[in-house]
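What follows is a short report on a single structure.
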Amino acid sequence: MQLEAQNLRCRRGPKTLFTDISFSLDAGKLLLVEGQNGAGKTTLLKLLSGLRRPDKGEVLWNGMSIRSANSQFNRQLAWLGHQNPLKEDQTAFENLSMLGAIRSRNERCAYEALQAVKLGNVKHKAVKTFSAGMKRRLALASLLIADTPLWILDEPQAALDKAGIALYEQLATEHLENGGMIIMTSHHDVAIDERFIERLILGQ
Amino acid sequence: MRGFFYLIKRDLTLAFRRRGEATNSLVFFGLVVLLFPIGIGASEKLLSEVAPGLIWIAALLATMLSLDNLFKEDFQDGTLEQWALSEHSLVSFAWARLFSHWVITAVPLIIVAPLFAISLSLPAEAIWVLVLSLLLGTPLLIFIGGIGVALTTGLKKSSMLLPLLVLPFYIPVLIFGASAVEVTAGGWSAAGQLYVLGALFVLGIALAPFAVASALKVSVSQ
């Protein structure tokens, strides 16, 4: 299992956000994308997930372009942007079941995932009563029930409190130890074991 | 397919929980139809003459007004991105959204339409043709309108663009729908008009979701 980026370039209007981004990421590794605001972190993540097309270069999954049907890339991918894909009028459990139905599922049950992110006792409350941090935790819970080795996360720690960040780091470490891959952006330090982490700094 | 049925179920639950929003188009439809007799006078002959066109125009406008938020919420909260990056195709997403939107906004309208038709003294034999033409026509309005909505979803301001975009495509539906009812009221057979509507219906529901899916893909990739 390997994700490889070859000479990615992206322009937005007249401005070139980045050129010649190349890296390869193996199973059990976390790629931390760093850079200032406006450096193109989110855009890079969108290129890697296939939401946007790069102006130049290519993203390969196991040696095949992520755009080719053979690579089955979407089946392996769990994406979480900076918004939480949740519906305010649905309960936590209903939201999680919906997200579980979109991605390929593993055997973990949704209740267990809610327990894991400490939302077990509000599982039947409507999401509109949640705080921003709780919504983020619920969105992260959807990763736990997805049978996808690659997580691409745009600022997963945003809006989380200290306990929430620690929880995320613990979940991410478990995923990496099981041979998963994570690509994420962050403005904070990430307290995950350095042996997992590879860094990519944009805007230099 | 699992995602498809989940999505329909989600939409119906959400619509039930936001009943106020879901009934908007029904209220609009009722108001337009009921205000007309007040405006043009309650002569039975006059009303029965304008009834087919009136009910159809009201249904068309009510459907179009309800379209605006078809994909906006899913676009803004990132649900659309999730679908675009899943193994499901966006076509099934589009189909499910359009179908549930039809159930939520158009079905109530079709159910009350006969009542309004009676109150406008439309001849009784034309009423089942009215229901049939609405059954064929309203999905078409929603599926065609969906293309316009999908194209304008990524835009920040799109208030007047949508009607300008989709109205020209609504006109054939309006012509055949209203004239089917009108000829029946005049004592003729509406088979021709209904066949054309049926053909458009099949074309619309088979092809429009593909156009909607590719328009959504463009919106998502910005």
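Chains A and B are the protein sequences, given in the same order. For the first sequence, the positions run 1 to 204 when the working numbering is used. For the second sequence, the positions run 1001 to 1222 when the working numbering is used. Don't be surprised by glycine CBs; every beta carbon is placed ideally from N, CA and C.
- Gln2(A): member of the beta strand (DSSP E) spanning 2-12, first to last residue.
- Chain A has a Cβ within less than 9 angstroms of the Cβ of Val1220(B).
- Every unbroken stretch of the alpha helix (DSSP H) spanning 4 or more residues and falling wholly within the stretch 1011-1083 of chain B is given here in chain order: 1019-1022, 1024-1040, 1044-1067, 1072-1076.
- Beyond the five residues adjoining it in sequence on each side, Ile1055(B) comes within less than 7 angstroms, by CB distance, of Val1033, Ala1113, Phe1116, Ala1117, Leu1130 in the same chain, given in chain order.
- Straight-line measurement puts the Cα of Glu1044(B) at about 55 angstroms from the Cα of Leu99(A).
- Against chain A, the CB of Arg1097(B) has no partner CB under 9 angstroms away; the residue lies outside that interface.
- Around the beta-carbon of Glu1073(B), fewer than 16 other beta-carbon atoms lie within 10 Å, marking it exposed.
- Listed as beta-bridge partners of Met64(A) by DSSP are Trp61(A).
- Under the DSSP assignment, Met98(A) falls in the alpha helix (DSSP H) whose first and last residues are 92-102.
- At a cut-off of 9 angstroms between beta-carbon atoms, Thr1023(B) makes no contact with chain A.
- Under the criterion of beta carbons closer than 8 angstroms, Asp55(A) and Arg105(A) do not qualify as touching, at roughly 35 angstroms.
- For Trp61(A), no chain B residue has a Cβ inside 7 angstroms of its Cβ, as the nearest lies near 13 angstroms away.
- Looking at Arg1097(B), Val1166(B), Gly1030(B), the one whose alpha-carbon comes closest to that of Ile1144(B) is Val1166(B).
- DSSP places Thr185(A) in the strand class (E or B) of the three-state scheme.
- Segment contact: the stretch 79-97 of chain A against the stretch 10-24 of chain A, fewer than three CB-CB distances shorter than 8 angstroms; contact not assigned.
- Your pair Ala1062(B) and Leu1109(B) checks out as a contact, with CB atoms roughly 6 angstroms apart and the cut at 8 angstroms.
- Between Phe1093(B) and Ala1180(B), the alpha-carbon positions lie close to 33 angstroms from each other.
- Close CB contacts of Phe130(A) within its chain, under the 8 angstroms cut and outside five residues either way in sequence, are with Ala92, Val122, Leu138 (chain order).
- Using a Cβ distance threshold of 9 angstroms, Ala113(A) and Ile145(A) count as a contacting pair.
- The beta carbon of Leu77(A) falls within 9 angstroms of a beta carbon belonging to chain B, placing the residue at that interface.
- With a cutoff of 9 angstroms on beta-carbon distance, Leu153(A) and Val117(A) are scored as not near each other.
- In the three-state scheme derived from DSSP, where H, G and I count as helix and E and B as strand, Glu169(A) is classed as helix.
- Between His1088(B) and chain A, the shortest Cβ-Cβ separation is below 9 angstroms.
- For Trp1188(B), there is no enclosing beta strand (DSSP E), as DSSP marks it with neither H nor E.
- Distances from the CA of Ser1214(B) to each of Ala1015(B), Phe1028(B), Gly1146(B), Thr1184(B) were compared; the closest alpha carbon is that of Gly1146(B).
- Short of 7 angstroms from the beta carbon of Ser1133(B), and not among the five residues preceding or following it, lie these beta carbons of its own chain, in chain order: Gly1177, Ala1180, Val1181, Leu1194, Leu1197.
- The contact set of Lys56(A) on chain B, defined by CB atoms closer than 8 angstroms, is empty, because the minimum CB distance reaches about 16 angstroms.
- Against chain B, the beta carbon of Ala101(A) has neighbours under 7 angstroms at Arg1002, Gly1003, Tyr1006, listed in chain order.
- Taking a Cβ-Cβ cut-off of 7 angstroms, Ala1042(B) has no neighbours in chain A, whose nearest Cβ is about 42 angstroms from it.
- Our two residues, Thr42(A) and Lys1157(B), have alpha carbons roughly 24 angstroms apart in a direct line.
- Only buried fits Pro1037(B), as 16 or more other CB atoms lie within 10 angstroms of its CB.
- Per DSSP, Val117(A) lies in no alpha helix (DSSP H) and is assigned neither H nor E.
- Distance from Ser1025(B) to Thr1105(B) at the Cβ level is roughly 5 angstroms; contact confirmed, criterion being Cβ atoms closer than 8 angstroms.
- For the stretch 1067-1087 of chain B, the set of residues with a beta-carbon nearer than 9 angstroms to any beta-carbon of chain A comprises Glu1073, Asp1074, Gln1076, Asp1077, Gly1078, Thr1079, Leu1080, Glu1081, Gln1082, Trp1083, Ala1084, Leu1085, Ser1086, Glu1087, in chain order.
- DSSP places Ser24(A) in the strand class (E or B) of the three-state scheme.
- Only Arg1010, Thr1013, Leu1014, Arg1017, Arg1018 from the stretch 1010-1034 of chain B bring a Cβ to less than 9 angstroms from some Cβ of chain A.
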